[in-house]
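Novice: Chains D and R are the protein sequences, given in the same order.
If you count the first sequence from 1, position 117 lands on 117 in our numbering, and the numbers rise without skipping.
If you count the second sequence from 1, position 241 lands on 241 in our numbering, and the numbers rise without skipping.
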Amino acid sequence: MANQANGEVLLEISGIHKRFGGLHALSDVALSINKGEIYGLIGPNGAGKTTLFNVLTGLYQPDEGKFTFKGIDLFRKKPNVVVESGIARTFQNIRLFHNMTALENVMVGRHVRTRANVLGAVFRDPKTRAEEAGIHERAQSLLDYVGIRKHGGEFAKNLSYGDQRRLEIARALATDPQLLALDEPAAGMNPKETDDLKKLMEKIRNDGVTILLIEHDVKLMMGLCDRIAVLDYGKKIAEGVPEEVKNNPRVIEAYLGASPD
Amino acid sequence: MLANIKQSKPAAYAGMAIFAVVLAVLPFVMGATLGNTWVRNLDLAMLYIMLALGLNIVVGYAGLLDLGYIAFYAVGAYVYALLNSPHLVPMLSGTGFEWLLHMPLLVVLPLAALLAGIFGVLLGSPTLKLRGDYLAIVTLGFGEIVRLFMNNLDRPINITNGPQGVNLIEPVSLFGHKFSQAITVFGIEFRSVHLYYYLFLALALLIIVVSIRLQSSRIGRAWVAIREDEIAAQAMGINTRNVKLLAFAMGASFGGVSGAMFASFQGFVSPESFILMESIVVLAMVVLGGMGHIPGVILGAVLLFLTPEVLRDVVNPLQDKLIGERLVNPENLRMLLFGIALIFVMLVRPEGLWPSKQRKAEFHEDDDLKAKDAEKEAAHG
Numbered sequence: 001m002a003n004q005a006n007g008e009v010l011l012e013i014s015g016i017h018k019r020f021g022g023l024h025a026l027s028d029v030a031l032s033i034n035k036g037e038i039y040g041l042i043g044p045n046g047a048g049k050t051t052l053f054n055v056l057t058g059l060y061q062p063d064e065g066k067f068t069f070k071g072i073d074l075f076r077k078k079p080n081v082v083v084e085s086g087i088a089r090t091f092q093n094i095r096l097f098h099n100m101t102a103l104e105n106v107m108v109g110r111h112v113r114t115r116a117n118v119l120g121a122v123f124r125d126p127k128t129r130a131e132e133a134g135i136h137e138r139a140q141s142l143l144d145y146v147g148i149r150k151h152g153g154e155f156a157k158n159l160s161y162g163d164q165r166r167l168e169i170a171r172a173l174a175t176d177p178q179l180l181a182l183d184e185p186a187a188g189m190n191p192k193e194t195d196d197l198k199k200l201m202e203k204i205r206n207d208g209v210t211i212l213l214i215e216h217d218v219k220l221m222m223g224l225c226d227r228i229a230v231l232d233y234g235k236k237i238a239e240g241v242p243e244e245v246k247n248n249p250r251v252i253e254a255y256l257g258a259s260p261d
Numbered sequence: 001m002l003a004n005i006k007q008s009k010p011a012a013y014a015g016m017a018i019f020a021v022v023l024a025v026l027p028f029v030m031g032a033t034l035g036n037t038w039v040r041n042l043d044l045a046m047l048y049i050m051l052a053l054g055l056n057i058v059v060g061y062a063g064l065l066d067l068g069y070i071a072f073y074a075v076g077a078y079v080y081a082l083l084n085s086p087h088l089v090p091m092l093s094g095t096g097f098e099w100l101l102h103m104p105l106l107v108v109l110p111l112a113a114l115l116a117g118i119f120g121v122l123l124g125s126p127t128l129k130l131r132g133d134y135l136a137i138v139t140l141g142f143g144e145i146v147r148l149f150m151n152n153l154d155r156p157i158n159i160t161n162g163p164q165g166v167n168l169i170e171p172v173s174l175f176g177h178k179f180s181q182a183i184t185v186f187g188i189e190f191r192s193v194h195l196y197y198y199l200f201l202a203l204a205l206l207i208i209v210v211s212i213r214l215q216s217s218r219i220g221r222a223w224v225a226i227r228e229d230e231i232a233a234q235a236m237g238i239n240t241r242n243v244k245l246l247a248f249a250m251g252a253s254f255g256g257v258s259g260a261m262f263a264s265f266q267g268f269v270s271p272e273s274f275i276l277m278e279s280i281v282v283l284a285m286v287v288l289g290g291m292g293h294i295p296g297v298i299l300g301a302v303l304l305f306l307t308p309e310v311l312r313d314v315v316n317p318l319q320d321k322l323i324g325e326r327l328v329n330p331e332n333l334r335m336l337l338f339g340i341a342l343i344f345v346m347l348v349r350p351e352g353l354w355p356s357k358q359r360k361a362e363f364h365e366d367d368d369l370k371a372k373d374a375e376k377e378a379a380h381g
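1. Indicate whether the contact test is met: 3 or more Cβ pairs, each with one atom in the stretch 14–32 of chain D and one in the stretch 193–200 of chain D, closer than 8 Å.
2. What separation, rounded to the nearest whole angstrom, lies between the Cα atoms of V209(D) and Q178(D)?
3. Just mark E64(D) as buried or exposed, buried being the case when its beta carbon has 16 or more other beta carbons within 10 Å.
4. Roughly how many angstroms separate the alpha carbons of N80(D) and L153(R), rounded to a whole number?
5. Should A229(D) go down as buried or exposed, given a rule of 16 or more other Cβ atoms within 10 Å for buried?
6. The beta strand (DSSP E) that contains R89(D), what's its start and end?
7. Pull out every residue of the stretch 213–231 of chain R whose Cβ sits closer than 8 Å to any Cβ of chain D, in chain order.
8. When the Cα atoms are used, what is the spatial distance from R205(D) to I298(R)?
9. Taking 8 Å as the threshold (beta carbon to beta carbon), is E84(D) in contact with chain R?
10. With DSSP as the reference, please indicate the residues paired to S173(R) in a beta bridge.
11. Kindly indicate the opening and closing residues of the alpha helix (DSSP H) around H194(R).
12. For the stretch 103–115 of chain D, enumerate the residues whose C-beta is nearer than 9 Å to any C-beta of chain R, in chain order.
13. Under the DSSP definition of a beta bridge, which residues are partnered with S14(D)?
14. Would a check of beta-carbon distances place A235(R) closer than 8 Å to chain D?
15. Looking at A121(D): is its Cβ nearer than 8 Å to the Cβ of I219(R)?
16. Taking a Cβ distance cut-off of 8 Å, strictly less, list which residues of the stretch 159–171 of chain D are near chain R, in chain order.
17. Closest to K49(D) by CA distance: which of K18(D), R115(D) and S85(D) is it?
18. Using a Cβ cut-off of 7 Å, pull out every chain D residue sitting near N239(R), in sequence order please.
19. Just to make sure I have the definition right: I need the residues of chain R whose C-beta is within less than 9 Å of the C-beta of H17(D). Which are they?
20. With distance defined between alpha-carbon atoms, name the residue in N158(D), S85(D) and D125(D) nearest to H364(R).
21. Between D207(D) and I38(D), which are expected to be in contact by the criterion C-beta below 8 Å, what is the C-beta distance as a whole number of angstroms?
22. What is the residue span of the alpha helix (DSSP H) that R124(D) lies within?
23. Taking a contact to mean a Cβ-Cβ separation below 8 Å, would you say L203(R) touches M50(R) in this structure?
24. I need the straight-line Cα distance from Y61(R) to A182(R), nearest angstrom please.
25. How would you label P185(D), buried or exposed, when you count the other beta carbons within 10 angstroms and need 16 or more for buried?
26. Note down, in chain order, every chain R residue with its Cβ under 8 Å from the Cβ of L59(D).
27. Could you please give the first and the last residue of the uninterrupted beta strand (DSSP E) stretch that includes Y39(D)?
28. According to the Cβ coordinates, are Y255(D) and P44(D) closer than 8 Å?
29. DSSP puts V107(R) in a beta bridge; with which residues?
30. May I have the straight-line CA-CA distance separating F175(R) from Y80(R), to the nearest angstrom?
31. Using the Cβ count rule (16 or more neighbours within 10 Å means buried), how would you classify A3(R)?
32. 8 Å is my cut-off, CB to CB: does M346(R) come that close to chain D?
33. DSSP three-state call for G381(R): helix, strand or coil?
34. Sort N190(D), N99(D) and I87(D) by Cα distance to E362(R) and report the nearest one.
35. Sort L128(R), Y78(R), A14(R) and S85(R) by Cα distance to I111(R) and report the nearest one.
36. Please identify, using Cβ separations under 9 Å, the residues of the stretch 172–203 of chain R that lie next to chain D, in order along the chain.
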C-alpha cells in the first residue's frame, strides 16, 4: 500500500512544542506526511495525539516549531486560514451542528470555498444564486458520497452514531481539503461499521485526498495506514510502516510497560 | 415546508393578498374603533418589530446574548435628531458643514443605519472572545455607556444637550411632503399617524425581507453554525471574528433605522428613552416570541408592546366601574404581568410562543432522546 504514496511531502512539522502551564504536551515533535498516503498517529491515552491534531488544524497555537503545508507557512495561523489552505478535520467527540439538517451541515462546510457577502445575500444577484445552487448540489453529492443522502433533511443529532461520523467526514470534505484529519473516527463503532468506514477512507484516499488518522483500533490501523507515528508523553517515539512500528521495542514498552529484563 | 407552499400556491397568494389588505386598512379600522392613540400605538409597535428583528440577528441567529442593544436605537435616534433639529445649527453655521443638516430621508436613514452598524462593530469587537453570561454583562455595560454619553455630552461642547434631550426634531419629509401635515388622496384623509404607519410598515417589511434572505444565505448558515458550535464552525473555516462582527453590525443597523424613525416620529429624544429596561424588553420580545424565527419575533414584539397599552386602556376604567377608585396603577400591573408571562413561557414553552422547527428541536432534546430510547426498546422487545 505504501507504494501508493508518491513521496511528495504535503505537510511537514518540526520542533513543535506545546505547553499548557507546566505540562509539556508536545515536545520537539517532527513528522512529515506524504501526498496520497494514509498516515496514522497512535499512542497511549494522554500521549498528545489530539493536542498535535489541534496544532495541525490551527485550534491550538504551538509555542515553538515549524509547520508548513504545501510549502505554505502555517505556524500559529488561525483555523480558518488552515482550512483555507487545505486541511480539514473531524472531532473525537463528534461536533456537528446538531440542530441543523445533515444537508445544512455540509453546506456550512462550503463556506470557505464560497464568497457571497451580505449584499449578495440580500439582493440575490445571479452570481450569488448560482453559487448557492452550487453549494446545494455539492452538499447533496457529498452526502451521497459518504452514503447518507437519504438522511439529508434530518437534524444532525437525530442521525445514528455511525451516520453522524459519516456526516462529519462529508462536512470536512466539503471544504475541498488535500489533507483530511480524522480524530478517532471508528470510536464506538461495531466491527461492521468499522469495516464500512475503512472502505470509505480508502475511497477518499483513492480520490486523491491524503488522510491523517488517529485511532485506537490497532488492527484497523495496521491494515489501513501506509505509515504510522507513535507518540508517548508528547514525544514521537517511532515512525515507519506498520510492520516496523509493531515490532519496535519502544512502542511495545510504551503500550505494555517495560519488560522485566 | 417549502413544498407545502408550492403545492398550494394560489391559496398562499390569496392569503398574502388578504393579509396585505388587512395591513393596509388596519390604521383606519383601529382609528375608527379605538381612536387615534391606537394608530399611534400601531406605529410604535412597528418600531419595536424592527428593533426585535435586529436583535434577532444577534441573539437569535448568531446566539450572542446582547443586553445593550438599545444603544444602537439611541445612536440612530440621535443621528436623526441632531441632523434634523435646530440644536446643532449654531455650532455648524459658518463651518462649511451646514450641508449635514436637513438631508433627505433617503440619505439620513442609510446614514443612521451605517453609523449604528459602525457602533455595532465597535461594541462587538472587544466582546469577541466572550460567551454567555460574560458577553451579556459586557454588552449591558456598553449599553449604559452609550446612554451616559448621551446624558453627559453637553459639556465641554454641547453636542447632545444632555439630559434635556434634543427638541424640535423635524418630521419626515418624503417627496416634498411633510409628514406632520395630513394629505388627502382619493378623498381619504391620511393624517400624520397614518403616513408614519405606512412608512414604518414599508421599513419593517424591508427588514423582514433582508432578515429572511440573510437567514437562508451563506452568511446566515455561518451565524447558526457559530451559535451551534463555535469550535466546529472555526474548524470549518469560518472566520468567526468577522462573521460575529457582521451579526453585530447588521443587528445594530436595523436598530439604527428604527431609532431614526423614532426620533422623527416623537419629535424629541432624550437619554431617558434608552435605559436598560428597554434593552431587556426588546430581548424579552425576541425570547418570548421565538428566537431566530421571524414570525415569532414579530408576534413577541406586538404582544409585549401592546399588552401594557391595552392594560392602560382597560385597568383604570375597570377599576372605576367595579370599585369606584383606582387602587392599582396599570404601569405596575404591567411589570407584574410581564414577569408572570415570562416565567410562564420559560416554564411551559422555553423555545418561545412561535418557534422555528429548529429551535423547537433544540429545546426538546431530551424528549427526542427519550423517544429514541423508547423506539430502541420497542425494537429490541
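Where a beta carbon is used, it is the ideal one built from N, C-alpha and C, also for glycine.
Specialist: Per the coordinate set shown:
1. no
2. 5 Å
3. exposed
4. 41 Å
5. buried
6. I87 to R89
7. R213, L214, S217, R218, I219, G220, R221, A222, V224, A225, E228, D229 and I231
8. 50 Å
9. yes
10. K178(R)
11. S192 to Q215
12. E104, N105, M107, V108, G109, R110, H111, V112, R113, T114 and R115
13. K66(D)
14. yes
15. yes
16. R171
17. K18(D)
18. N80
19. Chain R residues near H17(D): none, gap ~22 Å exceeds 9 Å.
20. N158(D)
21. With a Cβ gap of about 13 Å, D207(D) and I38(D) do not count as contacting.
22. Careful: R124(D) lies outside any alpha helix (DSSP H) and carries neither H nor E.
23. yes
24. 40 Å
25. buried
26. I231, Q234 and A235
27. I38 to I42
28. yes
29. BP columns for V107(R) are empty, so no partner.
30. 18 Å
31. Its pLDDT being 43, under 50, A3(R) is placed unreliably in this model, and the coordinates cannot settle the point.
32. no
33. Interpretation of G381(R) is limited by its pLDDT of 46, a score under 50 that renders its predicted location unreliable; the figure taken from the coordinates is listed afterwards. Note: G381(R) maps to coil in three-state DSSP.
34. N99(D)
35. The sequence as given places Leu at residue 111(R); Ile does not occur at that position. When each option's Cα is compared against that of L111(R), the closest is Y78(R).
36. none
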